[in-house]
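According to mature numbering (1 follows the signal peptide of the UniProt record, and there is no 0), the residues represented by the sequence shown are -20 to -1, 1 to 275, in order. Every residue gets a Cβ at the ideal spot worked out from N, C-alpha and C, and that includes glycine.
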Amino acid sequence: MRTRRTAAAVLAVLALTAVAACGKDGSPNDDSAGSSTSYEVKKDVSISGSATFDAAKKRGKLIVGAKADQPNLGFEDVTSGTRSGFDIEIAKMVAADLGFSPDKIEFKTIPSTNRETAISGGEVDYYVGTYTINDERKKSISFAGPYYVAGQDLLVGQDNSDITGPESTKGKKVCSASGSTSIDRIKTYGAEIVAFDTYSQCVDKLLDKSVDAVTTDDAILKGYGAKYEGKLKVVGKPFSEEPYGVGLNKDDKALRDAINNALEAHEKNGDWKKAYDATLGKSGADATPPQLARY
C-alpha cells in the first residue's frame, strides 16, 4: 500500500461537495457518505480464548469505538444518530464475521486522546477510527490490519503563503487532535502545538485565524478543504505513512486473528472495494487494501 499514497492524498477531495452546512462546532452534516452495504452475518461464531468476544456474546451486542466528526470516514448525523463512512463500514464487516448484525452494534464516540484507555479498560470491544498503528501504542493495546494507509499533511488558510510544508511550521501555531501521532511528528519541526479533542475544533480555530494550520491525515484534511473551498487549502505533500488498524485489547490474540481473518475475507469478496467506492472513493481516486501485518 506504500505505493498508494497518491490515492490517499486525494481520496477525500470531493468527499464533502455534497455535504450540508456546518454547525458552530465545525462538524459538517454528512449527506455524501453513501448508504451502508449489507454484509452476510455469520452464525454460531465461537472464538476460543477471547474474553472480549465472550463478554460481547453474553451481552448480546458489540460496543465499537469510532470517530463522529470525520466525513466519509467516521461520521455521526446529529439529527438521526446514523453513522456513516469507510471506518464504519470496516467496523460492520468485522462485526458480521463475528456474528453481529448492524442492529447489534453500539457505536461509541471516543476522542483520540482516550482510545488506549477505552480499549484497555474494556469500554469498547474494538476501535475503528483513523487509528494509526505504531509501536508505542502496541505497548498498551494491539492492532488488527492495517486496512488502509493515509499520510500526514497540512491544512491552512487560502491566503497563507508562509506554510508550504512541515519545514515551514517552525514557530507557527499548528492544531491537531490530542493523543494523535500527528502532534508528535509536527513537533519535530518546531511548531507550536495547539490541541483539541476533535479535528473539527481545530478547523474552527483555523477559520477564525486563531491557529496557522491544522495537521492530520490527508484523507481528513482534503475533505475539510473541499468543504471550505476558497477559504482553506491543503499544502505540500504527505510527509508520513499512516497505516490504519483496528485497535483491541493487547492480550486478545484470538480476537485479533479473527478480525484479521474478517478483513482478509472482505477484501477478497469485494466488500472492501465496494465500501471504499461508496465513501472515500467518491473523489475518483483508486486504492487497494494494504497487506495485513499479522503478529
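Burial state of residue i, where buried means 16 or more other Cβ atoms lie within 10 Å
i, result
"N229", "buried"
"Q271", "exposed"
"N52", "buried"
"Q181", "buried"
"Q132", "buried"
"Y179", "buried"
"R274", "exposed"
"G3", "Note that G3 scores a pLDDT of 37, beneath 50, so its modelled location is shaky and nothing firm can be said."
"D192", "buried"
"K248", "exposed"
"V194", "buried"
"E116", "exposed"
"G101", "exposed"
"D184", "buried"
"A1", "Its pLDDT being 35, under 50, A1 is placed unreliably in this model, and the coordinates cannot settle the point."
"K262", "buried"
"V58", "exposed"
"D198", "buried"
Proximity of residue i and residue j at Cβ, strictly below 8 Å
i, j, result
"residue 282", "S160", "Since the first residue shown for the chain is -20 and the last is 275, residue 282 is missing from the structure and cannot be characterised."
"residue 278", "K72", "A query on residue 278 cannot be resolved here, the shown segment of the chain reaching from -20 to 275 and no further."
"A171", "I27", "no"
"A46", "R63", "yes"
"G225", "P126", "yes"
"L186", "G137", "yes"
"T17", "D67", "no"
"V21", "G79", "yes"
"L135", "G227", "no"
Of the listed residues the options, nearest to residue i (C-alpha basis)
i, options, result
"E103", "A48, Y127, G137 and A35", "A35"
"E96", "F87, E86, V108 and G61", "V108"
"N140", "V129, K153 and Y128", "K153"
"A31", "D231, A193 and S156", "D231"
"S190", "I200, A175 and E209", "A175"
"G203", "T259, I239, D177 and Y111", "T259"
"T196", "G227, G145, K211 and G101", "G145"
"D105", "S60, F33, F80 and K150", "F33"
"V214", "S158, S156, G261 and I143", "I143"
"S158", "I173, F80 and D177", "D177"
"G65", "D237, T268, I200 and K23", "I200"
"V246", "D57, I70, T59 and S156", "Checking the sequence shown, residue 246 turns out to be His, not Val. If we check each option's Cα against that of H246, I70 comes out closest."
"G151", "W252, T168 and I43", "T168"
"K23", "K38, S60 and S81", "S81"
"A98", "D198, E244 and S122", "S122"
"E147", "P218, V21 and K262", "P218"
"E56", "F87, K37 and K38", "F87"
Rounded Cβ spacing between residue i and residue j (contact assumed at less than 8 Å)
i, j, result
"A242", "V74", "5 Å"
"K48", "G54", "Rather than Lys, the amino acid found at residue 48 in this sequence is Ala. Indeed they touch by this definition, with Cβ atoms about 6 Å apart."
"K112", "E222", "Checking the displayed sequence, the identity of residue 112 turns out to be Thr instead of Lys. Their Cβ separation, rounded to whole angstroms, is 5 Å, which keeps T112 and E222 in contact under 8 Å."
"A130", "I239", "A130 to I239, Cβ: 20 Å. No contact."
Residue span of the beta strand (DSSP E) that contains residue i, given as start and end
i, result
"F219", "It is not in any beta strand (DSSP E) - F219 carries neither H nor E in the DSSP assignment."
"T89", "I85 to T89"
"F123", "I121 to A130"
"L272", "Neither: L272 is in no beta strand (DSSP E) and is coded neither H nor E."
"K197", "The sequence shown places Asp at residue 197, rather than the Lys named in the question. Looking at the DSSP string, the run of the beta strand (DSSP E) that includes D197 is A193 to D197."
"P174", "The sequence shown places Val at residue 174, rather than the Pro named in the question. Unbroken beta strand (DSSP E) run through V174: E172 to F176."
"F55", "G54 to E56"
Contact with chain B by residue i, beta-carbon distance below 8 Å
i, result
"S100", "The chain labelled as chain B is not found in the depicted structure, where only one protein chain is given."
Boundaries of the alpha helix (DSSP H) in which residue i is found, first to last residue
i, result
"A31", "A31 to R39"
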